[in-house]
Every structure is written in C-alpha cells, then in structure tokens.
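Sequence lines, in order, name chains A and B. For the first sequence, position 273 matches number 881 in my numbering, and the numbering has no gaps at all. For the second sequence, position 211 matches number 819 in my numbering, and the numbering has no gaps at all. Just below is one structure, and these are the notes that go with it.
Number of protein chains: 2
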Amino acid sequence: MPATIRDVARASGVHVSTVSRTFSAPHLVNPDTRSRVLSTAESLGYRPNRAARALITGRTHNIGLIVADIANPFFPPLIKAAESQSRQRDYHLFVADTNEDPVAEEQLVHALAKQVDGVLLCSPRMSNDLIEKLRKEVPLVVVNRPVEGLPAVVMDVADGARTAIEHLAGLGHRAIALLGGPRGSWTNREIRRSATAAAKAAGATLTALGPYQPTEAAGSAACEAVLATGATAVLAYNDLMAIGLLEALHDRGVRVPEELSVVGIDDIMLSRLVRPKLTTVATPTAAAGRAAVDLLLHHDEEHRSTALVTLQTQLVIRESTGPAPV
Amino acid sequence: MPATIRDVARASGVHVSTVSRTFSAPHLVNPDTRSRVLSTAESLGYRPNRAARALITGRTHNIGLIVADIANPFFPPLIKAAESQSRQRDYHLFVADTNEDPVAEEQLVHALAKQVDGVLLCSPRMSNDLIEKLRKEVPLVVVNRPVEGLPAVVMDVADGARTAIEHLAGLGHRAIALLGGPRGSWTNREIRRSATAAAKAAGATLTALGPYQPTEAAGSAACEAVLATGATAVLAYNDLMAIGLLEALHDRGVRVPEELSVVGIDDIMLSRLVRPKLTTVATPTAAAGRAAVDLLLHHDEEHRSTALVTLQTQLVIRESTGPAPV
DNA sequence: CGAAAGGCTGCAAAGGTTTGCAGCAAACTA
DNA sequence: TAGTTTGCTGCAAACCTTTGCAGCCTTTCG
Numbered sequence: 609m610p611a612t613i614r615d616v617a618r619a620s621g622v623h624v625s626t627v628s629r630t631f632s633a634p635h636l637v638n639p640d641t642r643s644r645v646l647s648t649a650e651s652l653g654y655r656p657n658r659a660a661r662a663l664i665t666g667r668t669h670n671i672g673l674i675v676a677d678i679a680n681p682f683f684p685p686l687i688k689a690a691e692s693q694s695r696q697r698d699y700h701l702f703v704a705d706t707n708e709d710p711v712a713e714e715q716l717v718h719a720l721a722k723q724v725d726g727v728l729l730c731s732p733r734m735s736n737d738l739i740e741k742l743r744k745e746v747p748l749v750v751v752n753r754p755v756e757g758l759p760a761v762v763m764d765v766a767d768g769a770r771t772a773i774e775h776l777a778g779l780g781h782r783a784i785a786l787l788g789g790p791r792g793s794w795t796n797r798e799i800r801r802s803a804t805a806a807a808k809a810a811g812a813t814l815t816a817l818g819p820y821q822p823t824e825a826a827g828s829a830a831c832e833a834v835l836a837t838g839a840t841a842v843l844a845y846n847d848l849m850a851i852g853l854l855e856a857l858h859d860r861g862v863r864v865p866e867e868l869s870v871v872g873i874d875d876i877m878l879s880r881l882v883r884p885k886l887t888t889v890a891t892p893t894a895a896a897g898r899a900a901v902d903l904l905l906h907h908d909e910e911h912r913s914t915a916l917v918t919l920q921t922q923l924v925i926r927e928s929t930g931p932a933p934v
Numbered sequence: 609m610p611a612t613i614r615d616v617a618r619a620s621g622v623h624v625s626t627v628s629r630t631f632s633a634p635h636l637v638n639p640d641t642r643s644r645v646l647s648t649a650e651s652l653g654y655r656p657n658r659a660a661r662a663l664i665t666g667r668t669h670n671i672g673l674i675v676a677d678i679a680n681p682f683f684p685p686l687i688k689a690a691e692s693q694s695r696q697r698d699y700h701l702f703v704a705d706t707n708e709d710p711v712a713e714e715q716l717v718h719a720l721a722k723q724v725d726g727v728l729l730c731s732p733r734m735s736n737d738l739i740e741k742l743r744k745e746v747p748l749v750v751v752n753r754p755v756e757g758l759p760a761v762v763m764d765v766a767d768g769a770r771t772a773i774e775h776l777a778g779l780g781h782r783a784i785a786l787l788g789g790p791r792g793s794w795t796n797r798e799i800r801r802s803a804t805a806a807a808k809a810a811g812a813t814l815t816a817l818g819p820y821q822p823t824e825a826a827g828s829a830a831c832e833a834v835l836a837t838g839a840t841a842v843l844a845y846n847d848l849m850a851i852g853l854l855e856a857l858h859d860r861g862v863r864v865p866e867e868l869s870v871v872g873i874d875d876i877m878l879s880r881l882v883r884p885k886l887t888t889v890a891t892p893t894a895a896a897g898r899a900a901v902d903l904l905l906h907h908d909e910e911h912r913s914t915a916l917v918t919l920q921t922q923l924v925i926r927e928s929t930g931p932a933p934v
C-alpha cells in the first residue's frame with residue numbers, strides 16, 4: 609500500500625536507481641530531474657524504507673540503549689539525552705530494560721544486534737568477559753564502566769567519593785558508613801576503593817555495608833545496619849538509597865543532619881526536593897548520554913579502542929550534611 | 609560476516625527454505641531435520657535477521673513509543689511497562705521524545721512508520737485531525753486522549769478531579785484554584801471540565817489558571833498567581849507542578865496545609881517523598897503502558913475502532929491537604 | 001575538427017528472508 | 001493392489017533498496 613521507490617520511478621518517468629540516488633546521493637542527479645522526482649515523491653507520500661536500505665548497506669541507522677531500570681530516576685535524563693542526540697544524527701533509539709538482570713542484558717544484546725549499528729550498554733552488570741564476547745556481534749559502547757579496548761564513558765565517581773569523604777571529615781566526622789551498591793557494578797567498586805582511601809587519609813574509619821539493590825527500598829531497609837555501625841555520617845551508592853535511608857531515619861526520629869549526615873551520589877531530580885535537601889555528588893548523566901552516542905557514531909575502528917571519556921563530578925552541598933555530633 | 613540462513617542451510621545439508629521453516633514454522637519440518645538444523649544454527653551463532661524478515665512479511669516486530677518528555681517522572685513507569693510488555697511479546701520498543709513539541713510528534717510518526725508495526729502516542733499535543741491523517745500511515749494507539757475510531761487508553765481523570773474537589777470541599781474549602789496544564793492536552797480539558805462541575809456542585813468557586821507547561825518550574829512560577837486568587841486550596845494539573853508550587857510556597861513561608869491545601873495528579877514517585885507528602889490522584893501509568901501495547905498487538909482491524917480502555921484513578925490522601933483556614 | 005572528459009542515467013545483481021507451489025516418498029484406504 | 005492422502009522438502013519469486021558498471025550525450029581541449 610505505501611508508495612515504493614518503484615512507484616515514484618514510474619510516476620516520474622525515470623529509473624528506480626535515479627530515484628534512489630535522488631535521496632541517497634543527490635549530487636549525482638541532474639537538478640531538474642531531482643526536483644521532479646522529489647515533487648512526485650512528495651505527492652505520493654513516499655518515504656524510503658529503512659529496513660530495505662539497511663539490508664543492502666548494512667547500516668540500520670538505529671541504536672540500542674540498554675539500561676538496568678528505566679524507572680530508576682538516574683536513567684531518564686541519560687535516555688533523553690541519548691535519544692535527542694541520536695535523532696539529531698538521524699538515528700532512532702531502541703530502549704530496553706534489564707531489570708538489573710545480567711542474563712537479560714546478554715539476551716538483549718543478541719536480540720538487538722542485527723537491528724542496530726551499535727549498542728549503548730549502561731551500567732552493565734555482566735562480566736567483562738561476556739562483554740568481550742558480545743562486542744564481536746555488534747559495536748558496543750559502555751557507560752559507567754571502563755572496558756579494556758572498548759569505547760566507554762565513565763563518571764569520575766572516585767573523585768566524587770573522595771570529595772564527599774573529605775567534606776564529611778572536614779565537618780568532624782570520624783566514623784563513616786558506606787552504603788554499598790549492587791554486586792557487579794564498577795561504579796560501586798570505584799566508590800568503595802576511593803572512599804576507603806580518602807577516609808584513611810583523613811584519619812576516619814569507613815564501614816562498608818552491602819551489597820544492596822540500588823533502590824529506595826533497599827536504602828530504607830539498610831537503616832538498621834547503618835545505625836548499628838555507630839557512624840555519624842553515611843555515603844550512599846546513589847541518591848535513591850540515600851533518600852530511602854532519609855525516609856527510614858525520619859520515621860525513627862533520627863534527625864538529619866544533627867544526629868547523622870547523609871551524602872548521596874548522582875544528584876537526581878528528587879534530591880533537591882526532599883527534606884532535608886540531599887547533599888550529593890552530581891554526575892553529568894545527560895552529558896554521558898550524548899557522549900556515548902557520539903562515541904558510537906563518530907569513532908572509526910582505529911580510534912575506537914582507545915576512547916575513554918571521563919566526565920567530571922561535583923559535590924553539591926545541601927542540607928543533609930552538618931557538623932559531627934559531639 | 610554474521611551467519612546467514614544460507615550458511616546454516618549449507619552446513620546442515622538442507623535447503624534454505626527448510627532452515628527458514630525451522631524457525632518460523634517448526635511444525636512443518638521433520639523433528640530430526642529440525643534438531644539438526646537447530647544445532648548447526650547454534651554452533652554457527654545464527655540469528656534470523658529481523659530486517660530481512662520484515663521486508664517480506666511486512667511485520668517488523670517493533671513498536672514505537674512517543675512521549676512528550678522522557679525525563680518527566682510521569683513517563684518512565686509507563687515506558688518501562690510498555691517495554692516489558694513488548695518484549696514479553698517478542699517486540700522491541702523505539703522510544704522517542706518530542707520535547708512537548710507537536711511538530712516533532714508528527715515528524716516522529718512519519719520517521720518511525722516504516723520501521724514499526726504501530727506507534728503508541730502518549731499524551732499527544734497534536735490535533736485530532738492530524739492524528740486522523742497519520743493513522744493511515746501506521747497503526748496508532750493513543751494514550752491519554754480518546755480519539756474517535758482509534759484504540760486508546762485513558763485514565764479517568766475526570767473522576768479523579770471530582771474526587772479531589774470533593775475531598776477539598778469536605779475539608780471546608782470554598783475557594784479553589786486550578787493550576788492548568790499545557791494547551792492541547794485532553795487530560796487538561798477533562799480535569800478542568802470535571803473540577804468546574806464538581807466545585808459548582810459543592811458550592812465552591814473554582815478559578816482556573818493557565819495554560820502552563822507541566823513542569824516543576826512552571827508550578828513554582830505560578831505561585832504568585834495562585835496566591836492572588838485568594839483560594840485556600842489548589843488542584844494542579846500534575847504532581848510536578850504541585851511540587852514546584854510546594855517549593856515556592858515553602859520559600860515564601862506559606863504553610864501547607866495550614867494556610868493552603870495542595871492536590872496533585874499522577875502520584876509520581878516523588879510525591880510521597882517530598883514534605884509535606886503530596887495528596888494526589890493516582891493514575892495507573894504502568895497499567896496504561898501495558899494496555900497500550902496489548903491494544904496495539906491484539907486488536908484486529910474490526911475491533912480496533914471501538915477499543916477504549918479507561919483506567920480508574922484513586923485519590924491518595926497524604927499531608928498536603930487539610931481543613932480550610934478560618 | 002577530432003578526441004577526450006565529464007555529467008547524467010539505466011541496467012542488473014545483491015542483501016537475507018518468507019512462502020505458494022510442486023514433487024516425492026511413505027503411509028494409509030478401499 | 002491401486003489409488004489417495006499425508007508429511008516433508010526443494011524451487012524460485014518476491015520484498016525494497018543500493019551501487020558498480022556501462023552507455024549515452026554534451027562540453028571542453030588541443
């Protein structure tokens with residue numbers, strides 16, 4: 609039913625190849641012919657069929673984006689930015705959600721492989737070995753984990769965690785708890801490593817808790833464990849957990865920041881709307897989305913192996929941190 | 609480079625059509641042959657090329673989802689549910705963001721038309737006439753607006769708004785302000801219509817403000833206007849605006865709910881985390897996402913025209929509403 | 001003025017899959 | 001036993017484009 613290139617060719621009295629070139633290589637066709645073809649195409653409502661085009665060119669003009677949880681407030685800004693950047697470059701974006709499941713991640717890459725020119729793997733939970741295997745099937749860009757020889761964009765959470773710990777130490781905190789994120793997360797390891805080092809340097813003790821799911825519920829559930837450490841300050845794997853913790857603390861009547869200081873990571877939208885407003889390490893998620901798309905699209909094979917984009921983070925001090933209780 | 613159906617055929621000593629049938633119509637091929645084909649396919653890492661398949665069958669097994677703003681907290685649960693439901697049915701989901709721009713909506717439908725089996729149009733801002741035109745290009749399901757003769761899923765916001773107004777009236781409020789949403793939104797018109805009627809029935813006055821963008825910033829910006837109405841209670845187009853308003857009120861020192869009651873609509877995640885916790889009309893967004901996908905996939909042409917799914921809403925009373933000041 | 005160059009167009013193969021049709025052998029039916 | 005059905009497989013066309021090659025005509029150059 610929809611008009612094909614053949615219909616346009618017939619209607620405008622030229623060969624299909626001329627119509628094809630009118631769209632994919634306009635400079636090769638005579639301006640008069642071109643405008644004639646264009647106008648009949650317009651009147652027939654013709655639009656090139658991307659699937660057919662992909663079949664022969666091998667380029668689909670589609671990108672896959674795989675995230676752990678679309679509804680986790682960390683991701684939407686990233687998805688939005690990636691989508692916007694993709695479309696600006698005339699690409700469409702498949703979005704898929706793994707529900708934090710490594711197996712689903714792998715299946716999704718397989719399923720999307722043939723349909724996209726590349727896959728953006730965000731905060732993957734799968735092993736590096738598996739990533740190595742999958743990259744043979746389809747070009748990959750990893751977000752939130754550096755992988756040897758693969759283009760990646762990461763946030764400098766190590767620096768962020770260090771800054772956060774220094775901020776707390778500067779407020780007099782000497783016993784700090786770390787609310788750990790999910791197993792398999794590179795970001796989590798980074799935070800832990802850096803926070804430990806920073807605490808040591810500042811003469812504070814750091815008690816690591818976890819692993820936990822990166823959700824508000826898990827943050828609330830961990831309240832007990834946090835209080836049990838005797839810490840006067842907490843650094844959480846992400847804002848969602850920090851906010852969950854804040855909720856639980858509020859319910860228990862523990863005052864923040866008077867009795868306990870709380871720092872999150874990410875600076876999601878929520879963080880400046882809860883009370884007390886959350887002190888947090890801002891990660892540039894939108895920039896990450898854009899960078900990932902560009903990395904996928906712009907980098908030719910030779911450069912690709914060495915491309916690692918590191919985005920700076922920044923401590924945003926709000927109301928959930930204060931001087932250590934005496 | 610990747611294995612094709614032909615490679616599998618050669619390696620297992622059968623014709624390509626047999627391989628094809630092994631995957632797309634297994635019951636037509638001898639169990640022995642089938643398992644042989646399957647195992648060589650497995651060892652070659654063969655996966656059917658969906659684009660090629662789409663070319664001949666006309667079914668892409670892809671769905672397009674168009675929303676106004678991915679980062680608006682209202683949408684992620686809907687997107688997540690739609691994605692999950694799609695994948696369960698062996699479909700992949702394109703997600704696109706229009707930035708609240710009606711023109712972008714139209715372009716997106718055109719661009720996706722050839723690549724999907726249908727498009728889910730969420731809270732469209734475009735005119736009904738345009739929708740009528742676009743439906744000829746690709747099957748459409750509309751979310752959050754009923755369109756004559758088109759499958760749609762809507763939330764019963766009229767009932768929600770009525771309930772909200774009755775709740776406020778029951779608390780003694782007689783002057784209520786309505787914080788209006790964006791122009792072109794069916795939901796907005798519904799709310800306004802129903803709230804007006806409910807207010808009248810309850811003997812209260814309703815002052816409608818707007819249109820505003822459905823954002824937190826717009827909610828904050830409208831604070832002045834709300835206070836100027838002299839209302840003792842506000843119903844906002846959505847939670848985001850209500851929360852923005854809450855922020856602005858807090859900054860001005862207006863106490864909620866003592867001096868002003870605030871009700872939102874949607875029950876986004878944020879709403880139970882802000883202080884005071886927001887009283888709001890919960891809309892079943894995840895259910896809407898699932899229903900939209902099912903409507904697209906299950907309904908054959910004859911039923912399609914009559915399919916309108918209406919989802920119930922529910923008032924959730926929290927802390928932002930209280931008795932009218934005397 | 002003749003030959004070479006350049007601009008434009010047509011031809012046809014190719015890309016990976018599905019599917020109606022035909023063919024064949026084995027298993028039934030009468 | 002002859003004829004018919006059934007189960008399985010092969011053949012080849014079709015889906016919509018792109019693109020290397022070849023051919024034509026017009027210009028340009030010497």
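Beta carbons are placed, not taken as given, at the ideal position from N, Cα and C, and that holds for glycine.
Own chain residues within Cβ distance below 7 Å of residue i, not counting five before or after
{"i": "valine 724/B", "result": "Thr668, Asn670, Ile671, Gly672, Phe702 and Val746"}
{"i": "phenylalanine 682/A", "result": "Asn846, Asp874, Ile876 and Thr893"}
{"i": "alanine 772/B", "result": "Leu843, Val871, Val889 and Leu923"}
Neighbourhood of residue i by C-beta distance below 8 Å, restricted to the same chain and skipping five residues each side
{"i": "histidine 907/B", "result": "Pro759 and Ala915"}
{"i": "leucine 787/B", "result": "Leu817, Gly818, Tyr820, Gly827, Ala830, Val834, Val842, Leu843, Ala844, Tyr845, Met849, Ala850 and Leu853"}
{"i": "alanine 825/A", "result": "Gly852"}
{"i": "arginine 770/B", "result": "Ser802, Ala803, Ala805 and Ala806"}
{"i": "aspartate 767/A", "result": "Ser802, Gln920 and Thr921"}
Rounded separation between residue i and residue j - CA only
{"i": "isoleucine 613/A", "j": "serine 643/A", "result": "15 Å"}
{"i": "glutamate 798/B", "j": "isoleucine 851/A", "result": "34 Å"}
{"i": "valine 717/B", "j": "methionine 734/B", "result": "12 Å"}
{"i": "leucine 923/A", "j": "leucine 779/A", "result": "14 Å"}
{"i": "aspartate 874/A", "j": "glycine 811/B", "result": "47 Å"}
{"i": "valine 622/A", "j": "leucine 905/B", "result": "39 Å"}
{"i": "proline 732/B", "j": "alanine 805/B", "result": "25 Å"}
{"i": "isoleucine 664/A", "j": "proline 790/B", "result": "44 Å"}
{"i": "asparagine 657/A", "j": "aspartate 698/B", "result": "22 Å"}
{"i": "leucine 686/B", "j": "alanine 932/A", "result": "42 Å"}
{"i": "threonine 795/A", "j": "arginine 753/A", "result": "7 Å"}
{"i": "valine 882/A", "j": "arginine 883/B", "result": "7 Å"}
{"i": "glutamine 715/A", "j": "isoleucine 739/A", "result": "12 Å"}
CB contact check: residue i to chain A, cutoff 8 Å
{"i": "valine 762/B", "result": "no"}
{"i": "serine 692/B", "result": "yes"}
{"i": "threonine 887/B", "result": "no"}
{"i": "alanine 704/B", "result": "yes"}
{"i": "threonine 668/B", "result": "yes"}
{"i": "leucine 868/B", "result": "no"}
{"i": "leucine 878/B", "result": "yes"}
Contacting residues, own chain, Cβ-Cβ under 6 Å from residue i (five flanking each side not counted)
{"i": "threonine 918/A", "result": "Val762 and Asp764"}
{"i": "alanine 856/B", "result": "Ser828 and Cys831"}
{"i": "valine 645/A", "result": "Ser620, Val627 and Thr630"}
{"i": "serine 651/A", "result": "none"}
{"i": "alanine 662/B", "result": "Thr668"}
{"i": "alanine 777/B", "result": "Ala810 and Ala812"}
Any C-beta of chain B under 8 Å from that of residue i
{"i": "arginine 926/A", "result": "no"}
{"i": "valine 864/A", "result": "no"}
{"i": "isoleucine 671/A", "result": "no"}
{"i": "alanine 829/A", "result": "no"}
{"i": "arginine 860/A", "result": "no"}
Delimiting residues of the alpha helix (DSSP H) encompassing residue i
{"i": "threonine 648/B", "result": "639-652"}
{"i": "leucine 923/A", "result": "Taken as a continuous stretch (DSSP letters only), leucine 923/A belongs to no alpha helix (DSSP H), being part of the beta strand (DSSP E) at 922-924."}
Residue i: first and last residue of the uninterrupted beta strand (DSSP E) it sits in
{"i": "serine 620/B", "result": "Element bounds for serine 620/B: not the beta strand (DSSP E) but the alpha helix (DSSP H), 613-620."}
{"i": "histidine 700/B", "result": "700-705"}
{"i": "alanine 816/A", "result": "813-817"}
Within 8 Å, strictly: CB atoms of residue i and residue j
{"i": "leucine 728/B", "j": "alanine 690/B", "result": "yes"}
{"i": "threonine 815/A", "j": "alanine 785/A", "result": "yes"}
{"i": "histidine 775/B", "j": "threonine 840/B", "result": "no"}
{"i": "threonine 887/A", "j": "arginine 926/A", "result": "yes"}
{"i": "threonine 929/B", "j": "valine 870/B", "result": "yes"}
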